[in-house]
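Worksheet: one structure, shown below.
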Amino acid sequence: MVAVLTADLVDSSLYKEEILEKVLNSLKEEFKTITLEYGEQNIRFKIYRGDSFQGVVHQPEEALKIVIQIKAAINRIHLKETRKNKAYSKIADFKIAIGIGMQELEREAIEESNGQAFQFSGRTLDEMKTENRKTRLKTIDENINQEFNTAFLLLDTITDKWSTASAEVVYYLLRGLKEREVAEILEVSQSAINQRKKAAGWEAVSGLLQRYHQVIKTHFNGS
């Protein structure tokens, strides 16, 4: 079993060239960071057209964390020539579909690979193009789909309200840093980090990640 992530940049045709360039560079750097964390044998990414990407994750229970980490990395982007820890409105976001299933054909090039997980992910993203949704899950188990797509609707509501500062705090928390360490990086007080953490809905996001990890690992690991 694998998880396939298929994603499109929201309203990419409306972005200025400098924004697209910064998003693409940030995405490439984040893929390097994630690959280093999980290992090249467990995860692969491919960027298409500069506004889409696909990833194959051999640990499906980690897929949601990876999705939110990518979103936070992109959501924290801004072009202001001021201190980076100030809050601004987001300028970029992705729609991301997670498909979990078999990978019947694995090739060195992701675009030449195929299987159930690829079909689930690709078709789900196509369906999302007519919906006001940013994250969806498709597996063979409809009970799991219903549980998490309801939860993902609430997740979308939370992440849509993130400022660049909120996204940045979430990003570092997902990387395993403590509040004090994030405060040192961003050069703000720990209480400011705690406030941004609450504003970002971190407790709800963290709880969803734990539930997702538990359910997906129980149902799909080793299948």
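One gets the numbering used here by counting positions in the sequence shown from 1 and adding 16 to each. Cβ coordinates follow ideal geometry from the N, Cα and C atoms, glycine included.
Can you name, in chain order, every residue of its own chain whose Cβ lies under 6 Å from the Cβ of serine 222, other than the five neighbours on each side? Here serine 222 has no same chain residue with a Cβ atom under 6 Å from its own Cβ, once five neighbours each way along the sequence are excluded.
Note down, one range per segment and in chain order, each beta strand (DSSP E) of at least 3 residues found wholly within the stretch 129 to 194. Listed in chain order, they are 151 to 154.
On the DSSP bridge assignment, give the partners of lysine 111 in chain order. Answer by DSSP bridge pairing, in chain order: Asp24.
With a floor of 3 residues, list each beta strand (DSSP E) that falls wholly inside the stretch 67 to 97, ordered by position along the chain. You should have 68 to 73.
Looking at the unbroken beta strand (DSSP E) that takes in lysine 62, where does it start and where does it end? Counting along the chain, the beta strand (DSSP E) containing lysine 62 begins and ends at 59 to 64.
Might you give, ordered along the chain, the residues of its own chain that have their beta carbon closer than 7 Å to the beta carbon of tyrosine 188, omitting 5 neighbours on each side? These residues qualify, in order along the chain: Val198 and Ile201.
So, helix, strand or coil for valine 198, using DSSP? DSSP places valine 198 within a helical segment (H, G or I) once states are collapsed to three.
Cut-off 7 Å between Cβ atoms - residues of its own chain near leucine 224, not counting five sequence neighbours on either side: Result list for leucine 224: Ala167 and Leu171, in chain order.
Would the stretch 179 to 193 count as touching the stretch 207 to 219 if we require 3 or more Cβ pairs under 8 Å? Yes, the stretch 179 to 193 touches the stretch 207 to 219.
Helix, strand or coil for glycine 55 per DSSP? In the structure shown, glycine 55 sits in coil (DSSP, three-state: anything other than H, G, I, E or B).
Any heavy atom of the ligand ZN inside 7 Å of the beta-carbon of arginine 60? With respect to the ligand ZN, the structure shown offers nothing to examine, as it has no ligands at all.
Cα-Cα separation between lysine 233 and alanine 89, rounded to whole angstroms: Taking the straight line from one Cα to the other gives about 25 Å.
7 Å CB neighbourhood of threonine 140 in its chain, flanking five on each side removed: Apart from the 5 residues on each side of it in sequence, threonine 140 sits with its Cβ closer than 7 Å to the Cβ of Ala113, Gly115, Arg152 and Lys154 in its chain, given in chain order.
Short Cβ contact (8 Å threshold) for valine 204 with aspartate 109: A distance of 8 Å or more separates the beta carbons of valine 204 and aspartate 109.
With DSSP run on the structure shown, which of helix, strand or coil describes valine 221? Shown here, valine 221 sits in a helix according to DSSP, grouped into three states.
Helix, strand or coil: how does DSSP classify valine 231 here? DSSP places valine 231 within a helical segment (H, G or I) once states are collapsed to three.
Taking only the alpha-carbon atoms, compute the straight-line gap between lysine 145 and lysine 106 and give it to the nearest angstrom. It is roughly 20 Å from the alpha-carbon of lysine 145 to the alpha-carbon of lysine 106.
Cβ pair count under 8 Å reaching 3, the stretch 69 to 84 against the stretch 26 to 42: No contact exists between the stretch 69 to 84 and the stretch 26 to 42.
For valine 204, which three-state DSSP category applies? Reduced to three states, the DSSP call for valine 204 is coil.
Taking phenylalanine 61 as the reference, which of Glu78, Lys87 and Val20 has the closest Cα? Taking only the C-alpha atoms, the option nearest phenylalanine 61 is Val20.
Three-state secondary structure (DSSP) of alanine 215: In the three-state scheme derived from DSSP, where H, G and I count as helix and E and B as strand, alanine 215 is classed as helix.
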